[in-house]
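K.L.:
Structure in structure tokens, see below.
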Amino acid sequence: MSHHVVEARGLGYVYPDGTPALADVSFRITHGEAVAVVGANGAGKSTLLLQLAGCLLPSSGEVRIGEVPVTAQTVARIRRSAGLVFQDPDDQLFMPTVAEDVAFGPLNAGLPPEEVERRVAGALERVGMSRIKDRPPYKLSAGEKRAAALATVLAMEPDVLVMDEPSSHLDPRGRRRLIEWLVSFAHTRIMATHDLELALEVCSRVIVMEGGAVVADGPIRDVLNDEKGMLAHGLERPHSLRHAHPH
Amino acid sequence: MNAGHWLEVDRLEELARLEAPAQRVDARVKAVVTLVFVVCVMSYSRYQVSALMPFFLYPIAMLARGRIPAGYLFRKILMAAPFALAVAVFNPFFDRAPMAALGPVTISGGWLSFASVMLRFLLTVGAALILVACTGMHRLCAGLESLGMPRVFAVQLLFLHRYLFVVAEEGGRMTRSLEMRGARLRALPGRVYGSLLGHLLMRALARADRVYRAMVARGFDGEIRLLRPTSLRGSDWGFLLGWTAFFVAARIWNLADLLGGLLSGGVS
């Protein structure tokens, strides 16, 4: 199942206005892995995610999703296999009702109506949002919006889930539910987050970014436990690791 | 936390989701009927007032059959009223030739044409708003596209509508933050206004960009697709033929005068 492999090789990106955002980023994420991308504000996390979802094209180096390089020619295919969950659900939900919003992607993929209906029902069921399917997205609570946004992406049945700050704006119960979903998904999962406790529960690996470059990449417990390293990159050693007792 | 409320733009979309007879009519049929309506109303001469009266039947019927509150619609029409006023307001001053008499009061041509412009404005803008209110922008654009409107225009229209929400939301947030810091929108110095508007534009652009990205990320390629593609039913054909026939009849014969003639026993 090489579909689910995500790879960056010497990836660099400069925004059209000349702002450099990524420099020589390389990593390989394999099938079913859950990886957290952490770093201070402005470290390049969001730009990296846009690259991985085929929303931006590299200025230098390359990104490969399922062994296919992301180029202007392959980008439509890439977008079908990588689902991007935006930081602000309001950016993601733009249709008159939740159900129509969830149907938007499958319809664009040209699926027959029965299959679209099945996917919409399935995705909403998966995030426990079947009851709000006929409501307009802007009337939902933050937690419902997050769930609906997740459903819009799940309905496309992507191989790779790319998420920007999945736990922002969520109350503790909503966050807990999100963690349970993220753990249960079989997709390759890549999430940019400041919620290090969530990263510890969901991910086995972490990539630390600073100034558009990867400064650490390894097993999450080892990297986040390095107090000095964490402080140097504008982060903190998570609370739960500080008080963990060795067994 | 929807700041779009102060423009009530979302209200039209909410109305479009009601399960009412007017909402169930096919979008294409409603678009064609509205077009015929507008063409008929606009084709009258500038002094015509009485012949316009029968055309009020259509908006009134649609308001009733679509459960659209008349007060809300009227407020929306008022927002566009300054444009029509600007066109018509000088007519009474320049055109003082007496044209009709209402008892002892003589009415000049200018006042007649003023009334005619305002009535036609009320009818056409009302009909267009009703079309959106009982169809919804998404369905309407898809309908227009399948009627042969070039896709670029249909998508532009859809985005323009979506952009309205975006600007309204951003604007609402900015006004709230101003108010929280004790400023009043009306009492701001010009310099602050300039900066505020500039910010609004930049923020709205950035947000529109993110929304577009989200659409593209889910495979949007410029074609508007609907979950339930509509097909024309018998009632749709009835709606189309019935109203078109009525508009054409009202255009050919002055129904108001005919009715008046009938009621007064043909004496006048």
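Protein sequence lines, in the order shown, are assigned to chains A and B. Sequential numbering from 1 applies to the first sequence in our numbering. Sequential numbering from 1001 applies to the second sequence in our numbering. All C-beta atoms in this analysis are idealised placements derived from N, C-alpha and C, irrespective of residue type, glycine included.
I'd like to confirm the pairing. Which residues does DSSP put opposite residue 1102 of chain B in its beta bridges?
P.N.:
Answer is B:1105, bridged to residue 1102 of chain B.
K.L.:
How about residue 97 of chain A and residue 64 of chain A: do their beta carbons lie closer than 9 Å?
P.N.:
Contact flag unset, no.
K.L.:
For residue 1226 of chain B, would you say it is in contact with chain E, using Cβ-to-Cβ distances shorter than 9 Å as the test?
P.N.:
Although the question refers to chain E, the structure presented lacks it and instead comprises the protein chains A and B.
K.L.:
Using the beta-carbon count (16 or more within 10 Å), is residue 1242 of chain B buried or exposed?
P.N.:
Exposed: under 16 other Cβ atoms inside 10 Å.
K.L.:
What's the call for residue 233 of chain A, buried or exposed, on a 16-neighbour Cβ count within 10 Å?
P.N.:
Under this definition residue 233 of chain A is a buried residue.
K.L.:
Out of B:1103, B:1174, B:1107, B:1064, which has the shortest C-alpha to C-alpha gap to residue 1097 of chain B?
P.N.:
It is B:1107 whose Cα lies nearest to the Cα of residue 1097 of chain B.
K.L.:
According to DSSP, what are the bridge partners of residue 60 of chain A?
P.N.:
According to DSSP, which records beta bridges pairwise, residue 60 of chain A is partnered with A:12.
K.L.:
In angstroms, rounded to a whole number, what distance separates the CA positions of residue 105 of chain A and residue 1190 of chain B?
P.N.:
Cα to Cα, the separation comes out at about 45 Å.
K.L.:
Looking at the structure shown, is residue 189 of chain A part of a helix, part of a strand, or coil, going by DSSP?
P.N.:
In this structure, residue 189 of chain A counts as strand in the three-state DSSP scheme.
K.L.:
List the endpoints of the continuous alpha helix (DSSP H) containing residue 26 of chain A.
P.N.:
Not the alpha helix (DSSP H): residue 26 of chain A falls in the beta strand (DSSP E), residues 20-29.
K.L.:
Where does the unbroken alpha helix (DSSP H) through residue 164 of chain A begin, and where does it stop?
P.N.:
Per DSSP, residue 164 of chain A belongs to no alpha helix (DSSP H); it is in the beta strand (DSSP E), 160-164.
K.L.:
So with Cβ pairs under 9 Å, would you call residue 84 of chain A a contact of chain B?
P.N.:
For residue 84 of chain A, the answer is yes, since a Cβ of chain B falls inside 9 Å of its Cβ.
K.L.:
If we count the other Cβ atoms within 10 Å of its Cβ and call it buried at 16 or more, is residue 1181 of chain B buried or exposed?
P.N.:
Under this definition residue 1181 of chain B is an exposed residue.
K.L.:
In chain B, which residues lie with their C-beta within 8 Å of the C-beta of residue 91 of chain A?
P.N.:
Here the neighbours are 1207, 1210, 1211, 1213, 1214.
K.L.:
On the premise that residue 202 of chain A lies in contact with residue 149 of chain A, defined as a C-beta separation below 8 Å, what is that separation, rounded to the nearest angstrom?
P.N.:
Incorrect: roughly 17 Å between the Cβ atoms, too far for contact.
K.L.:
So residue 1036 of chain B and residue 1239 of chain B are supposed to be a Cβ contact under 8 Å. How far apart are they, rounded?
P.N.:
Actually they do not touch by this definition, with Cβ atoms about 12 Å apart.
K.L.:
Name, going along the chain, the residues of the segment 104-116 of chain A whose beta-carbon falls closer than 9 Å to a beta-carbon of chain B.
P.N.:
For the segment 104-116 of chain A, which is checked against every Cβ of chain B, the residues closer than 9 Å are 104, 105, 106, 107, 108, 109, 110, 113, 116.
K.L.:
Where does the unbroken alpha helix (DSSP H) through residue 1261 of chain B begin, and where does it stop?
P.N.:
Segment 1255-1263, the alpha helix (DSSP H) holding residue 1261 of chain B.
K.L.:
With distance defined between alpha-carbon atoms, name the residue in B:1090, B:1091, B:1112 nearest to residue 1099 of chain B.
P.N.:
Of B:1090, B:1091, B:1112, the residue nearest in Cα terms is B:1112.
K.L.:
State yes or no: is the beta carbon of residue 54 of chain A nearer than 9 Å to at least one beta carbon in chain B?
P.N.:
Yes, its Cβ sits closer than 9 Å to a Cβ of chain B.
K.L.:
In whole angstroms, what is the alpha-carbon distance linking residue 15 of chain A and residue 1031 of chain B?
P.N.:
Each residue's alpha carbon lies about 43 Å from the other.
K.L.:
Residue 41 of chain A: buried (16+ other C-beta within 10 angstroms of its C-beta) or exposed?
P.N.:
Residue 41 of chain A is exposed by the Cβ-count criterion.
K.L.:
With DSSP collapsed to three states, give me the class of residue 1 of chain A.
P.N.:
Confidence at residue 1 of chain A is low in this model, with a pLDDT of 47, below 50, so the placement of that residue should be treated as unreliable; the coordinate-derived value is given next. In the structure shown, residue 1 of chain A sits in coil (DSSP, three-state: anything other than H, G, I, E or B).
K.L.:
Let me know the secondary structure DSSP gives residue 1143 of chain B once reduced to three states.
P.N.:
Of the three classes helix, strand and coil, the one that applies to residue 1143 of chain B here is helix, per DSSP.
K.L.:
Listing by chain order, which chain B residues have their CB less than 8 Å from the CB of residue 156 of chain A?
P.N.:
In chain order: 1218, 1219.
K.L.:
What alpha helix (DSSP H) runs, 4 residues minimum, are completely inside the segment 77-131 of chain A?
P.N.:
As far as the segment 77-131 of chain A is concerned, its whole alpha helix (DSSP H) runs of at least 4 residues are 89-92, 98-108, 113-126.
K.L.:
Under a CB-based cut-off of 9 Å, is residue 1138 of chain B close to chain A?
P.N.:
Judged by the 9 Å Cβ criterion, residue 1138 of chain B is in contact with chain A.
K.L.:
Any contact of the segment 1070-1087 of chain B with the segment 1134-1145 of chain B, i.e. 3+ C-beta pairs under 8 Å?
P.N.:
Contact fails: fewer than three Cβ-Cβ distances are below 8 Å.
K.L.:
Does DSSP put residue 205 of chain A in a helix, in a strand, or in coil?
P.N.:
Note: residue 205 of chain A maps to strand in three-state DSSP.
K.L.:
Just the Cα atoms here: how many angstroms apart are residue 237 of chain A and residue 1132 of chain B?
P.N.:
Using only the alpha carbons, I get a separation of about 55 Å.
K.L.:
Could you tell me whether the Cβ atoms of residue 1250 of chain B and residue 1083 of chain B are closer together than 9 Å?
P.N.:
Cβ atoms of residue 1250 of chain B and residue 1083 of chain B: not closer than 9 Å.
K.L.:
Determine, using beta carbons only, whether residue 1081 of chain B and residue 1121 of chain B come nearer to each other than 9 Å.
P.N.:
For residue 1081 of chain B and residue 1121 of chain B, yes; Cβs fall inside 9 Å.
K.L.:
Give the range of the alpha helix (DSSP H) segment to which residue 142 of chain A is assigned.
P.N.:
Element bounds for residue 142 of chain A: 142-154.
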